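S.K.: One structure is given below, represented as structure tokens, and several questions about it will come after.
2 protein chains.
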Amino acid sequence: MIKPRKRSDAAENCRLILQAAKRLFAEKSVQAVSMHQIAQTAGVGQGTLYRCYAHKGELCAAIAEQVAVDTIKQLENYLDTSGGLPATERIGGILQYIIQFIDDKFQLLLPIHTVHDCEDESAYFRSPMYRFVWDKLTAQYAELEPGYVQNAPDTAEQREAWSRASAKAHILLSSLHPAGVVFMREGMGLTKEQIVSRYCELFAR
Amino acid sequence: MIKPRKRSDAAENCRLILQAAKRLFAEKSVQAVSMHQIAQTAGVGQGTLYRCYAHKGELCAAIAEQVAVDTIKQLENYLDTSGGLPATERIGGILQYIIQFIDDKFQLLLPIHTVHDCEDESAYFRSPMYRFVWDKLTAQYAELEPGYVQNAPDTAEQREAWSRASAKAHILLSSLHPAGVVFMREGMGLTKEQIVSRYCELFAR
DNA sequence: TCTACAAACGGACAATTGTCCGCTTTTCAT
DNA sequence: ATGAAAAGCGGACAATTGTCCGTTTGTAGA
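Residue numbers (this note's numbering), protein chains in the order written: chain H, 1 to 205; chain F, 1001 to 1205.
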């Protein structure tokens, strides 16, 4: 007798909420819009809103995910067509895409970890767009690891090399945490171009 | 007729608040204690609490500042006695102190940017303890900059070299954002020692 | 010592977040 | 079709943050 597993109309509400939030965030600003207001605009109750997105950060993350699709496509295209370049140069190229994106969308990215109670500070690092870039970057760094071979059998040594590359990629991306980039611009007075060039000096050679 | 400029009893209340917060945070946990509760325990009103510390993050920052004093002393001592070592090795040493500290006190450090409305995401980067470490680290990287001379006249070239060193130091420290370190441990399963060694590979050679 | 003034206080209040629970709607076996 | 069970809804409610303003209190000049 355990039959109804999922209701087909529930997804529609989540779509409405996302749409409403996107519009309101664009019209005003992320922090000027309350969750109550979003629910009202979407024409749903508070409960429905919070069931779809547990807090404002999740909403921002969902929108950022949509917004990132374009950049991710460009990045994939770049990687497909830059096979001939040395890995360090490719890393520099990736950096440009990432920094451009963060610089552009930081208003949306910052609130992702503006969580109140949940203590979910690493939400940003677990978002699909972060994982995607992390993975691509790890692949580049792996090429630079001594002893690493693509598609090699899964030995302990290969796994160790991948793990080292993955840590490097994470450290790089972690320093590109939106808050850090904002500080470089506002607090240190660097331009986007200067930021890219400093990153390349450190990470792409 | 403009006479009373500052009241000597006001500082006492701030001290009481800090003390109460410290005790409550230790007893329960940072997020389990409400601002109201802190005010009550300290025996002051909400208004007084918020006049001293505009939000929970500031309170955490103030406590972290106190807690950091020890580590900072150790670090200064280390730098005083390690003059003979090459700069890269000294950077590695500094990294150990920093990572140890963050790993130890992240519960206090995380909420510093858990701000609700203020949109003050770079509070962490402006805290005195951050500035201190940043400054020391910049000095080490400056030594590695081609063309940099200590106590040289203030030419454009010298300033440029210092600025490059300062950006590198910030990038390093920015990736040591508590949230990022927590993720390396929880999300990636690295130990403190592994984290230190990965950082040294990237930043201290 | 007295007095006037502004700094500082404190608690009531507004705003916002996030939860809870009774009600409605979809689903599916009969 | 139909009815029962669970998925989903929504808005009232609790909790928490942060503000505001009438009142208190220390300070300094007289």
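Heads up, the beta-carbon is just placed ideally off N, CA and C, and yes, glycines get one too. The structure presented is a predicted model; accordingly, all values stated were derived computationally and were not measured.
(1) Given that Ala97(H) touches chain F, what residues does it touch there, using C-beta distances under 9 Å?
(2) Counting beta carbon pairs with one atom in the stretch 139–150 of chain H and one in the stretch 1144–1163 of chain F, are three or more of them shorter than 8 Å?
(3) Kindly give me the distance between the Cβ atoms of Leu95(H) and Cys14(H), rounded to whole angstroms, as I take these residues to be in contact under 8 Å.
(4) Let me know if Gly92(H) comes out buried or exposed under the rule of 16 or more other beta-carbons within 10 Å of its beta-carbon.
(5) Can you name the residues of chain H whose CB is closer than 9 Å to the CB of Lys1168(F)?
(6) Whole angstroms is fine: what's the gap from Lys73(H)'s alpha carbon to Thr81(H)'s?
(7) Using a Cβ distance threshold of 8 Å, determine whether the stretch 1156–1168 of chain F contacts the stretch 1046–1060 of chain F, with at least three qualifying pairs required.
(8) Along the chain, where does the alpha helix (DSSP H) containing His1170(F) start, and where does it finish?
(9) Gln1046(F) by DSSP, collapsed to three states: which one?
(10) Return yes when the Cβ of Ile1038(F) is within less than 8 Å of the Cβ of Ile1063(F), no when it is not.
(11) Is DSSP giving Ala1204(F) helix, strand or coil here?
(12) Using 10 angstroms around the beta-carbon of His1036(F), count the other beta-carbons present and answer buried if the total reaches 16, otherwise exposed.
(13) Let me check you understand the geometry: is the CB of Leu1018(F) closer than 7 Å to at least one non-hydrogen atom of the ligand PLP?
(14) Tell me which residues share the same chain as Val1182(F) and place their Cβ nearer than 6 Å to its Cβ, disregarding the 5 neighbours each side in the sequence.
(15) Taking 8 Å as the limit between beta carbons, can you name the residues of its chain near His1177(F), skipping five residues before and five after?
(16) For Phe1132(F) and Leu1172(F), which I take to be in contact (beta-carbon distance under 8 Å), what is that distance rounded to the nearest angstrom?
(17) Just checking: is the beta-carbon of Arg164(H) within a distance shorter than 8 Å of some beta-carbon in chain F?
(18) Can you say whether Ala21(H) is buried or exposed, counting buried as having 16 or more other CB atoms within 10 angstroms of its CB?
(19) Among Gly84(H), Ala10(H), Gly83(H) and Ser127(H), which residue has its Cα nearest to the Cα of Glu58(H)?
(20) For the stretch 1168–1189 of chain F, enumerate the residues whose C-beta is nearer than 9 Å to any C-beta of chain H, in chain order.
(21) Have a look at Leu110(H), Arg205(H) and Glu12(H) and flag the residue whose alpha-carbon is nearest the alpha-carbon of Arg56(H).
(22) Would you identify the three-state DSSP class for Tyr97(H), choosing helix, strand or coil?
(23) Name the two residues that bound the continuous alpha helix (DSSP H) containing Ala1020(F).
(24) Start and end of the alpha helix (DSSP H) containing Thr1071(F)?
(25) Compare the C-beta of Phe1025(F) with all C-beta atoms of chain H and state if any pair is closer than 8 Å.
(26) Rounded to the nearest angstrom, how far is the Cβ of Leu195(H) from that of Ile98(H), given a contact under 8 Å?
M.R.: This is what the structure holds:
(1) Taking the first sequence and counting its residues from 1, one reaches residue 97(H) at position 97. What sits at residue 97(H) in the sequence shown is Tyr, not Ala. Within chain F, no residue comes near Tyr97(H); the closest Cβ sits about 18 Å away, beyond 9 Å.
(2) no
(3) Along the first sequence, one-based indexing puts residue 95(H) at 95. Along the first sequence, one-based indexing puts residue 14(H) at 14. Incorrect: roughly 34 Å between the Cβ atoms, too far for contact.
(4) Walking along the first sequence from the start, residue 92(H) turns up at place 92. Buried.
(5) Working through the second sequence from its first residue, we reach residue 1168(F) at position 168. Correct list: Arg198, Glu201 and Leu202.
(6) As a first step, residue 73(H) is located in the first sequence; it is residue number 73 there, counting from the start. As a first step, residue 81(H) is located in the first sequence; it is residue number 81 there, counting from the start. In a straight line, the C-alpha of Lys73(H) is about 12 Å away from that of Thr81(H).
(7) no
(8) If you number the second sequence from 1, residue 1170(F) lands on position 170. Run containing His1170(F): Ala1156 to Ser1175, per the alpha helix (DSSP H) assignment.
(9) By 1-based counting over the second sequence, the position of residue 1046(F) is 46. Correct three-state label for Gln1046(F): helix.
(10) Within the second sequence, the letter at position 63 stands for residue 1063(F). Within the second sequence, the letter at position 38 stands for residue 1038(F). Contact: no.
(11) Working through the second sequence from its first residue, we reach residue 1204(F) at position 204. Coil at Ala1204(F), not helix or strand.
(12) Translated into the one-based positions of the second sequence, residue 1036(F) becomes position 36. Looking at its Cβ environment, which holds fewer than 16 other Cβ atoms inside 10 Å, His1036(F) is exposed.
(13) For the ligand PLP, the structure offers nothing, since it holds no ligand at all.
(14) Locating residue 1182(F) in the second sequence gives position 182, counting from the first residue. The residues are Phe1106.
(15) Stepping through the second sequence from its first residue, residue 1177(F) is reached at position 177. Closer than 8 Å at Cβ, skipping near neighbours: Tyr1124.
(16) Here residue 1132(F) refers to the residue found at position 132 of the second sequence. Here residue 1172(F) refers to the residue found at position 172 of the second sequence. Actually they do not touch by this definition, with Cβ atoms about 15 Å apart.
(17) Residue numbering aside, residue 164(H) sits at position 164 when the first sequence is read from its first letter. Residue contact check for Arg164(H) against chain F: a CB pair falls below 8 Å.
(18) If you number the first sequence from 1, residue 21(H) lands on position 21. Ala21(H) should be labelled buried.
(19) For the purposes of this step, residue 58(H) is taken as the residue at position 58 of the first sequence. Nearest option by C-alpha distance: Ser127(H).
(20) Residues passing the 9 Å Cβ filter: Lys1168, His1170, Ile1171, Leu1172, Leu1173, Ser1174, Ser1175, Leu1176, His1177, Pro1178, Ala1179, Gly1180, Val1181, Val1182, Phe1183, Met1184, Glu1186, Gly1187 and Met1188.
(21) What you label residue 56(H) is simply residue 56 of the first sequence in a count that begins at 1. In the sequence as displayed, the identity of residue 56(H) is Lys instead of Arg. Selected option, being the one with the closest Cα: Leu110(H).
(22) Taking the first sequence and counting its residues from 1, the one referred to as residue 97(H) is at position 97. Reduced to three states, the DSSP call for Tyr97(H) is helix.
(23) On the second sequence, position 20 is the one that residue 1020(F) refers to. Run containing Ala1020(F): Ala1010 to Glu1027, per the alpha helix (DSSP H) assignment.
(24) Counting from 1 along the second sequence, the entry for residue 1071(F) is found at position 71. Unbroken alpha helix (DSSP H) run through Thr1071(F): Lys1056 to Thr1081.
(25) Within the second sequence, residue 1025(F) is the residue found at index 25, counting from 1. No - not a single Cβ of chain H is within 8 Å of the one on Phe1025(F).
(26) The residue labelled residue 195(H) in the question sits at position 195 within the first sequence. The residue labelled residue 98(H) in the question sits at position 98 within the first sequence. The sequence as given places Ile at residue 195(H); Leu does not occur at that position. The Cβ separation is near 11 Å, so there is no contact.
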